[in-house]
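Student: The opening residue of the sequence shown carries number 79 in my numbering; numbering runs sequentially from there.
The structure that follows is given in the form of structure tokens.
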Amino acid sequence: MAIERVRVAAPGDLQPGQMVCVNVEGLPIALANVAGVIYAFGDACRHEGGPLSAGALIRDTVTCPWHGWTYNVRTGKSIVPPVGLRIPTYPVHIEDDAVYVEIDWPEA
Ligand code: FES
């Protein structure tokens, strides 16, 4: 595994309750601001790939805009339905007035 820290935004780019999708070398990652804390997770819904960052964010739950599946943005765990699925989550670091996401790339 090769861990890479990638600058994806400035903290002010995302207000509480907002989401945005960033593309990191072809990998779509959603950023969500939950009460001032930024979380990063895979933007593709586990159902049919809907863009989660275009959905609704209520507290720490994101609802897919296509068919309504929901996930916890902190853990990546699905809530409704089916419980037990998971979207990837990524560690977030705020440093030097920038938001960094840590990605654990598989070895080529
Ligand atoms: S693609 Fe997300 S619920 Fe269907």
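Think of the CB as a built atom: it goes at the ideal place given N, C-alpha and C, for glycine as much as any other residue.
Because the structure is a prediction, the values reported are computed rather than measured.
With distances taken from CA atoms, which of G104, A118, G127, C99 is nearest G154?
Tutor: The shortest Cα separation from G154 among G104, A118, G127, C99 belongs to A118.
Student: Taking buried to mean at least 16 other C-beta atoms within 10 Å of its own C-beta, is G133 buried or exposed?
Tutor: Classification for G133: buried.
Student: Please report the straight-line C-alpha distance between E96 and Y149, rounded to a whole angstrom.
Tutor: A quick correction: the sequence has Gln, not Glu, at residue 96. Taking the straight line joining both Cα atoms gives about 16 Å.
Student: Output needed for H171: all residues of its chain with C-beta closer than 6 Å, excluding positions within five of it in sequence on either side, in chain order.
Tutor: Closer than 6 Å at the Cβ level, and outside the excluded window around H171, lie Y178.
Student: Mapping DSSP to helix, strand and coil, what is G120?
Tutor: Looking at G120 - three-state DSSP - the assignment turns out to be strand.
Student: By Cβ distance, which residues of its chain are closer than 8 Å to I165, with the 5 residues on each side in sequence left out?
Tutor: Cβ neighbours of I165 beyond the five flanking positions: F119, G120, A122, C123, R124, L130, Y149, G154, S156.
Student: Counting only the same chain and skipping the five closest in sequence on each side, list residues whose C-beta sits under 7 Å from that of T141.
Tutor: Around T141: G133, A134, T148.
Student: Looking at the structure shown, is A113 part of a helix, part of a strand, or coil, going by DSSP?
Tutor: Three-state DSSP puts A113 in coil, outside helix and strand.
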